[in-house]
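Trainee: Per my numbering, the sequence shown starts with residue 85, numbered consecutively.
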Amino acid sequence: MRETTTGDDAGAVADSPAVTAASSAALAALHAENRAAAARLRACHDLWATCREEQELRDIAAGYGPGLDQRPEHAVIDPLSIATSEIVAAYGVHHNRARSLLTLAITLVTKFPSLVEAMDTGRLDEATATLLARHMRTVDSLHRDDVHREVIDWLLAALAAGRRPGRDAILAHTDRIIAAHDPAGVRLRRTAAVRERRVTLRRGLDGMADLTAHLTATEAFAIHTLLQTMATDQRHRDTRTRVENTRRHGADALDTDNIRSMDELRADALVTALLDHPNTDTSTGEGTGAGGGASTAAGAGAGTGAGHRPPATQIRPTITVLAPPGPDGEPEVYLPRGGPATIDALIELLTRSTGATITVPDTAPGAADNPHNAHRYRISDQLAHRIRLRDGTWSVPAKVATAIKRRVRICL
85 MRETTTGDDA GAVADSPAVT AASSAALAAL HAENRAAAAR LRACHDLWAT
135 CREEQELRDI AAGYGPGLDQ RPEHAVIDPL SIATSEIVAA YGVHHNRARS
185 LLTLAITLVT KFPSLVEAMD TGRLDEATAT LLARHMRTVD SLHRDDVHRE
235 VIDWLLAALA AGRRPGRDAI LAHTDRIIAA HDPAGVRLRR TAAVRERRVT
285 LRRGLDGMAD LTAHLTATEA FAIHTLLQTM ATDQRHRDTR TRVENTRRHG
335 ADALDTDNIR SMDELRADAL VTALLDHPNT DTSTGEGTGA GGGASTAAGA
385 GAGTGAGHRP PATQIRPTIT VLAPPGPDGE PEVYLPRGGP ATIDALIELL
435 TRSTGATITV PDTAPGAADN PHNAHRYRIS DQLAHRIRLR DGTWSVPAKV
485 ATAIKRRVRI CL
């Protein structure tokens with residue numbers, strides 16, 4: 085049996101020459117990695133600066149000097165796009181990854197040079213530098229230099245003194261420094277940040293998706309408290325149900341694989357609060373036979389207490405089918421990328437909805453034209469084919485995006 089090393093044994097292990105040598109090698113590697121990251125940031129910035137200078141030389145050669153308010157008559161390409169293409173061709177990464185590398189390098193080198201200097205010493209890692217740059221990005225340019233230098237001086241002094249501040253401690257101290265330098269700017273930015281609230285949806289793996297909400301701290305805390313309370317109550321009900329099932333049917337009736345975590349219960353509480361989903365107020369198959377009845381009873385009890393909740397949001401999707409007609413005259417819809425998972429998700433959406441509006445417009449060019457009205461835009465067969473290949477998303481010319489975005493909700 086292997087025993088855990090504690091007390092004096094731990095000190096003996098730490099004083100071992102082999103451990104000391106390995107620790108020194110790891111520290112040297114970490115410092116080298118930080119210095120290499122700083123060199124990469126400077127190299128990417130130099131690449132962008134070179135591309136910008138080349139573009140300025142082209143403008144000067146064509147008669148458009150710096151400061152002249154004239155629109156060039158020759159092709160002008162964004163230097164960032166040129167530098168991105170160079171990295172993609174040389175390094176072999178995706179365009180988005182290359183652009184992210186360049187954007188981070190330009191931001192750190194031009195706006196937060198002290199962070200890059202600290203990385204050059206090996207004591208600051210790229211992740212922490214990125215965290216600080218993202219947190220200080222909204223600081224006014226008049227105070228940005230003083231703020232970020234004071235922040236990095238404090239952080240390096242804390243590390244040298246043996247303290248290891250975590251993410252929350254670093255951001256909290258950064259906020260105090262920002263407030264000390266620019267209190268009026270903090271108030272203005274907080275007022276403006278309210279207008280930046282948003283909710284975004286990003287498709288994930290295995291039929292899941294990420295729903296992200298950017299809210300004020302007060303709103304987010306209130307929503308989290310509500311979800312935590314609902315999840316805790318549901319967890320207590322599930323526990324009582326499992327205890328009752330075990331008392332009646334023995335320990336063999338307990339299905340530990342279907343015990344929901346607090347994260348899952350909070351997600352169920354969110355769905356219940358917004359959509360009033362019928363499957364989230366009951367336990368997920370904990371036991372069989374009489375256990376199912378107990379679970380249903382628990383869910384019924386929960387439903388009784390939830391009768392005072394405001395009516396949930398109803399889903400009424402508008403579905404526009406853009407597909408050429410098949411042999412039977414009905415449109416043929418193909419989902420080559422989604423497969424059964426996409427069909428199941430659509431069926432589940434329609435099941436939860438209170439009614440759907442389905443329209444099948446004629447996709448032939450000029451089908452909506454008439455002698456009394458101006459010509460209307462109608463998606464061509466080629467564009468409809470691209471829509472089907474993109475599995476539920478669409479790509480249209482920019483001029484008509486505004487015209488159709490209010491009408492199309494689900495596009496097949």
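For glycine and all other residues, C-beta sits at the position ideal for the given N, C-alpha and C.
Values in this document were obtained by computation on a predicted structure and should not be read as measured data.
Pairing CB atoms from the segment 218-231 with CB atoms from the segment 260-268, are three or more of them under 8 Å?
Mentor: With a cut-off of 8 Å, the segment 260-268 and the segment 218-231 count as touching, because enough Cβ pairs lie within range.
Trainee: Measuring alpha carbon to alpha carbon, tell me which residue in Pro-415, Ala-425, Leu-419 and Ala-429 is nearest Ile-442.
Mentor: Closest by alpha carbon: Pro-415.
Trainee: Cβ of Asn-118 within 8 Å of Cβ of Leu-208?
Mentor: Yes, they are a contact pair.
Trainee: Note down the Cα distance separating Val-177 from Ser-169, rounded to an integer number of angstroms.
Mentor: In a straight line, the C-alpha of Val-177 is about 10 Å away from that of Ser-169.
Trainee: Return the CA-CA distance between Gly-371 and Asp-339, expressed in angstroms with no decimal places.
Mentor: Since pLDDT at Gly-371 reaches only 43, below the 50 mark, its modelled position is unreliable, and the value read off the structure follows with that caveat. Roughly 6 Å between the two C-alpha positions.
Trainee: Beta-carbon separation of Ala-189 and His-232 under 8 Å?
Mentor: No; because the gap between Cβ atoms is not below 8 Å, this pair is not in contact.
Trainee: Rounded to a whole number of angstroms, what is the C-alpha to C-alpha distance between Ser-100 and Ala-106?
Mentor: Each residue's Cα considered, the two are about 10 Å apart.
Trainee: Please report the distance separating the alpha-carbon of Trp-132 from that of Arg-271.
Mentor: Straight-line Cα distance between these residues: approximately 35 Å.
Trainee: Which residue marks the beginning of the alpha helix (DSSP H) containing Thr-330, and which one marks its end?
Mentor: Element bounds for Thr-330: 301-333.
Trainee: Using the C-alpha atoms, what's the distance from Glu-432 back to Val-405?
Mentor: Each residue's Cα considered, the two are about 18 Å apart.
Trainee: Using the Cβ count rule (16 or more neighbours within 10 Å means buried), how would you classify Gly-138?
Mentor: Rather than Gly, the amino acid found at residue 138 in this sequence is Glu. Under this definition Glu-138 is an exposed residue.
Trainee: Does DSSP put Thr-168 in a helix, a strand or coil?
Mentor: Thr-168: helix per DSSP, three-state reduction.
Trainee: Mind checking Val-278: buried by the 16 CB within 10 Å criterion, or exposed?
Mentor: Burial call: exposed.
Trainee: Going by other Cβ atoms of all chains shown within 10 Å of its Cβ, with 16 needed for buried, is Thr-258 buried or exposed?
Mentor: Label assigned to Thr-258: buried.
Trainee: Can you check which of these residues, Arg-344, Arg-287, Gly-147 and Leu-240, is closest to Val-200 by C-alpha distance?
Mentor: It is Leu-240 whose Cα lies nearest to the Cα of Val-200.
Trainee: Let's test the definition: count the other Cβ atoms within 10 Å of the Cβ of Ile-236 and tell me whether it reaches 16, buried, or not, exposed.
Mentor: With 16 or more Cβ atoms within 10 Å of its Cβ, Ile-236 is classed as buried.
Trainee: Is it right to say Thr-296 is buried, meaning 16 or more other beta carbons lie within 10 angstroms of its own, or is it exposed?
Mentor: When all chains shown are included, Thr-296 counts as exposed.
Trainee: Among the candidates Thr-402, Ala-202, Arg-124 and Arg-332, whose CA atom is the shortest distance from the CA of Leu-185?
Mentor: Looking at the Cα atoms, Arg-124 is the closest of the given residues.
Trainee: State the CB to CB distance for the pair His-298 and Arg-273, rounded to an integer number of angstroms; the pair is presumed to be in contact (CB under 8 Å).
Mentor: Wrong, their Cβ atoms sit about 14 Å apart, outside the cutoff.
Trainee: Cβ atoms of Pro-401 and Ala-440: under 8 Å apart, would you say?
Mentor: Result yes, Cβ atoms of Ala-440 and Pro-401 sit closer than 8 Å.
Trainee: Round the Cβ separation of Leu-167 and Leu-192 to the nearest angstrom and send it over; I've been treating them as touching at under 8 Å.
Mentor: Reading off the sequence shown, one finds Ala at residue 167, where the question assumed Leu. No, Ala-167 and Leu-192 are not in contact; Cβ-Cβ is about 15 Å, not under 8 Å.
Trainee: Nearest CA to the CA of Ser-225: which residue from Pro-267, Lys-195, Ser-345 and Gly-410?
Mentor: Closest by alpha carbon: Lys-195.
Trainee: Can you look up Leu-272 in the DSSP assignment and give me helix, strand or coil?
Mentor: Helix, per DSSP.
Trainee: Quick one, are the C-beta atoms of Ala-315 and Leu-359 less than 8 Å apart?
Mentor: Not closer than 8 Å, so no.
Trainee: One question on the structure: do Asp-204 and Ala-116 come within less than 8 Å of each other, judged by their Cβ atoms?
Mentor: Result no, Cβ atoms of Asp-204 and Ala-116 do not sit closer than 8 Å.
Trainee: Rounded to whole angstroms, what is the Cα-Cα separation between Gly-291 and Leu-430?
Mentor: Each residue's Cα considered, the two are about 11 Å apart.
Trainee: Just tell me which of Ala-173, Arg-326, Arg-332 and His-179 has its CA closest to the CA of Asp-341.
Mentor: That would be Arg-326, whose Cα lies nearest to the Cα of Asp-341.
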